[in-house]
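What follows is a set of notes on a single structure, which appears directly below.
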Amino acid sequence: MTCEEAIVLVHALIDGELDASHAREVEAHAGSCARCAAELAAARDLQRALRGNELRYTAPASLRASIDRAVPKPADAPSRRSLLQGFALGSAMTAAAAAGVTFVIVGGDRDDRILGEAVSAHLRSLQADHLTDVQSSNQHTVKPWFNGRIDLAPPVIDLTGQGFTLIGGRLDYIDGKPVAAIVYRRRVHVINLFVMQGMGGSLGAPKLETIQGFNILRWSEQGFNLMAVSDLNREELEEFGTKFESAAKAS
Amino acid sequence: MRHAQVALAGSGSGDKAQRFRAAALPYLDDVYALARYLLRNTADAEDAAQECYLRAFRHFETFRGGPIKPWLLAILRNVCRAEYARRVTQPAMQADGLQAAEQCVDGLWTEGGSSPEADALGRLDGETVQRLIAELPDQFREAIVLREVNELSYREIADVAGVPVGTVMSRLARARALLRAAWIAEENKS
Numbered sequence: 002m003t004c005e006e007a008i009v010l011v012h013a014l015i016d017g018e019l020d021a022s023h024a025r026e027v028e029a030h031a032g033s034c035a036r037c038a039a040e041l042a043a044a045r046d047l048q049r050a051l052r053g054n055e056l057r058y059t060a061p062a063s064l065r066a067s068i069d070r071a072v073p074k075p076a077d078a079p080s081r082r083s084l085l086q087g088f089a090l091g092s093a094m095t096a097a098a099a100a101g102v103t104f105v106i107v108g109g110d111r112d113d114r115i116l117g118e119a120v121s122a123h124l125r126s127l128q129a130d131h132l133t134d135v136q137s138s139n140q141h142t143v144k145p146w147f148n149g150r151i152d153l154a155p156p157v158i159d160l161t162g163q164g165f166t167l168i169g170g171r172l173d174y175i176d177g178k179p180v181a182a183i184v185y186r187r188r189v190h191v192i193n194l195f196v197m198q199g200m201g202g203s204l205g206a207p208k209l210e211t212i213q214g215f216n217i218l219r220w221s222e223q224g225f226n227l228m229a230v231s232d233l234n235r236e237e238l239e240e241f242g243t244k245f246e247s248a249a250k251a252s
Numbered sequence: 098m099r100h101a102q103v104a105l106a107g108s109g110s111g112d113k114a115q116r117f118r119a120a121a122l123p124y125l126d127d128v129y130a131l132a133r134y135l136l137r138n139t140a141d142a143e144d145a146a147q148e149c150y151l152r153a154f155r156h157f158e159t160f161r162g163g164p165i166k167p168w169l170l171a172i173l174r175n176v177c178r179a180e181y182a183r184r185v186t187q188p189a190m191q192a193d194g195l196q197a198a199e200q201c202v203d204g205l206w207t208e209g210g211s212s213p214e215a216d217a218l219g220r221l222d223g224e225t226v227q228r229l230i231a232e233l234p235d236q237f238r239e240a241i242v243l244r245e246v247n248e249l250s251y252r253e254i255a256d257v258a259g260v261p262v263g264t265v266m267s268r269l270a271r272a273r274a275l276l277r278a279a280w281i282a283e284e285n286k287s
């Protein structure tokens with residue numbers, strides 16, 4: 002684990018957001034790195050200091066009463082008309098804002114979320130000693146492993162000859178759905194290639210994005226959406242994408 | 098869309114009102130607290146909380162179950178954004194607070210400082226701490242309030258703020274660094 006990762010992960014640690022094995026890794030890192038140990042101590046100290054204080058606010062009784070009046074009571078199921086009047090009064094809301102609410106709740110920033118989850122899944126795979134469920138550099142071993150575990154047959158392509166070593170496959174979850182993770186290595190860099198069912202709408206040309214220092218290359222082919230996540234530099238990750246694509250076309 | 102929702106709300110029975118009251122009203126303090134921190138004054142916070150509950154009731158059909166607190170806070174945040182966008186984006190930090198924050202670039206620790214134990218924060222009174230939090234820049238203030246006051250998980254904060262979990266983590270790290278720096282500056286003042 003690098004200090005860059007650890008310095009952020011100490012916060013997940015003190016917030017109880019890490020599972021036992023991640024937590025051990027962060028603690029082990031802090032045990033051997035004065036800088037991250039200080040970060041951890043300072044974060045804990047701040048949390049302790051904050052929790053010694055009353056940070057909450059209590060809603061005034063007048064507000065409670067006013068909301069109580071505005072929301073219909075079960076006893077007097079309101080007529081449609083009075084309900085509409087209530088809304089007109091209570092609301093300075095525009096149609097756009099209303100659409101915004103629905104969007105935030107139902108749609109969310111789905112794209113951002115998926116990218117974030119891909120990075121999280123990548124991080125998890127590196128830290129939890131769970132990089133692969135099936136460890137093999139043979140594509141004919143990795144591909145059948147997914148049979149019956151996920152309802153898609155992901156393209157598994159050995160690119161060892163082209164500088165990207167296939168090391169195995171894993172089942173992972175992104176956006177609440179099972180996805181195939183195909184794992185490659187380039188020197189010391191791990192590449193997680195996530196393969197999921199395309200959701201209609203192709204991603205078109207490959208897109209390269211950077212989140213939290215990780216590069217993510219996304220494209221779609223053969224009805225799949227593919228996301229390659231790595232700390233590999235942009236150029237080499239793009240090279241990976243190109244080589245994967247041309248090998249996929251040839252196969 | 099809007100018309101459909103109004104019609105839905107209009108046909109709502111007493112049952113809907115009852116379910117909504119039972120589910121949503123217990124979280125009024127949470128909603129109000131977030132509004133206070135985001136908008137930084139009592140009157141606006143009360144208006145926003147009220148508007149939040151009206152919208153939540155109207156959209157209650159779109160609530161898909163699960164914890165309702167993050168759902169309410171997402172609506173509240175939207176109310177605050179939409180109605181008070183101009184105010185909320187105003188720079189919040191005092192000049193000296195900002196300076197203190199900028200000195201703290203990489204983390205909570207300070208270069209060449211003494212051991213972390215020696216740096217333990219002293220006690221400040223509750224109102225002062227509330228003010229220090231209120232003076233944090235928007236996105237960091239929002240993250241730390243959702244975590245330390247509303248006690249949401251990272252996943253829930255990510256959903257409320259509409260950002261990836263990784264961003265939540267880095268915002269919290271930054272928020273804590275800024276808050277710690279402001280805390281120390283405040284201690285040195287007195």
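Heads up: the sequence lines are chains Y and H, in that order.
For the working numbering, add 1 to where a residue sits in the first sequence, where the first one is 1.
For the working numbering, add 97 to where a residue sits in the second sequence, where the first one is 1.
Using N, Cα and C, we set each Cβ at its ideal position, and we do this for glycine too.
| Check | Outcome |
| --- | --- |
| Using C-beta distances below 8 angstroms, list every residue in its chain close to Ser-250/H, excluding the 5 sequence neighbours before and after it, in chain order. | none |
| So, with DSSP's three-state summary, where would you put Asn-216/Y? | strand |
| Once the 5 residues before and after Leu-132/Y are set aside, which same chain residues still bring their CB inside 8 angstroms of it? | Ser-126, Ile-168, Gly-169, Arg-171, Val-184, Val-191 |
| Between which two residues does the beta strand (DSSP E) harbouring Tyr-124/H extend? | Unbroken run through Tyr-124/H: none, as it is neither H nor E. |
| Considering only C-alpha positions, which residue in the set Met-197/Y, Gly-199/Y, Cys-4/Y, His-123/Y is nearest to Ile-212/Y? | His-123/Y |
| Would Asp-46/Y pass as a contact of Val-260/H if the rule is Cβ separation under 8 angstroms? | no |
| What residue range does the beta strand (DSSP E) around Asn-285/H cover? | Here Asn-285/H belongs to no beta strand (DSSP E); instead the alpha helix (DSSP H) covers 262-286. |
| Between the beta-carbon of Asn-54/Y and the beta-carbon of Val-242/H, is there less than 8 angstroms? | no |
| Report, in whole angstroms, the separation of the C-beta atoms of Val-257/H and Pro-167/H, which I expect to be a contact under 8 angstroms. | 5 angstroms |
| Please return the same chain residues whose Cβ sits closer than 7 angstroms to the Cβ of Thr-161/Y, not counting the five positions on each side in sequence. | Ser-138, Leu-167 |
| Based on DSSP bridge pairs, tell me the residues matched to Pro-179/Y. | Tyr-174/Y |
| Comparing C-alpha positions only, which one of Cys-37/Y, Ala-42/Y, Ala-60/Y sits nearest to Asn-138/H? | Ala-60/Y |
| Kindly indicate which residue of Val-230/Y, Arg-235/Y, Trp-220/Y, Glu-237/Y has the alpha-carbon position closest to the one of Glu-268/Y. | Residue 268/Y lies beyond the stretch modelled for chain Y, which goes from 2 to 252, so this question has no answer here. |
| For His-141/Y and chain H, any beta-carbon pair shorter than 8 angstroms? | no |
| Quick one: which chain H residues come within Cβ less than 8 angstroms of Ser-278/Y? | What is shown of chain Y runs 2 to 252, which leaves residue 278/Y out entirely. |
| So the candidates are Ala-179/H, Ala-171/H, Met-266/H, Ala-255/H; which of them puts its Cα closest to the Cα of Tyr-124/H? | Ala-171/H |
| If I measure Cβ to Cβ from Phe-154/H and keep anything under 7 angstroms in the same chain, skipping five residues before and after, which residues do I get? | Phe-117 |
| Between the alpha carbons of Ala-13/Y and Ala-71/Y, how many angstroms are there, rounded? | 40 angstroms |
| Helix, strand or coil for Asn-175/H? Go by DSSP, reduced to three states. | helix |
| Contact check, Pro-155/Y vs Phe-215/Y under 8 angstroms by CB: the rounded distance? | Not confirmed; about 21 angstroms, so no contact. |
| Considering His-141/Y, what are the terminal residues of the alpha helix (DSSP H) in which it resides? | 140-146 |
| Alpha carbon to alpha carbon, what distance is there between Arg-133/H and Leu-176/H? | Note that residue 176/H is Val in the sequence shown, not Leu. Computed Cα separation, rounded: 13 angstroms. |
| Identify the contact partners of Val-9/Y in chain H, using a Cβ-Cβ distance below 7 angstroms as the criterion. | Met-266, Ser-267, Ala-270 |
| For the structure I just gave you, are there three or more beta carbon pairs, one from the region 275-287 of chain H and one from the region 234-242 of chain Y, closer than 8 angstroms? | no |
| Does the beta-carbon distance from Val-262/H to Ser-121/Y come in below 8 angstroms? | yes |
| Determine the closest residue to Leu-276/H out of Ala-179/H, Ala-255/H, Asp-235/H, Asn-247/H, with distance taken between C-alpha atoms. | Asp-235/H |
| Taking C-beta pairs closer than 8 angstroms, name the residues in chain Y that Gly-223/H reaches, listed in chain order. | Asn-54, Glu-55, Leu-56 |
| Count the other C-beta atoms from every protein chain shown that fall within 10 angstroms of the C-beta of Asp-173/Y, then say buried if there are 16 or more, exposed otherwise. | buried |
| Pull up the DSSP beta-bridge partners for Ala-209/Y, would you. | According to the sequence shown, residue 209/Y is Leu rather than Ala. Leu-218/Y. |
| Can you name the start and end residues of the alpha helix (DSSP H) that Ala-44/Y belongs to? | 35-52 |
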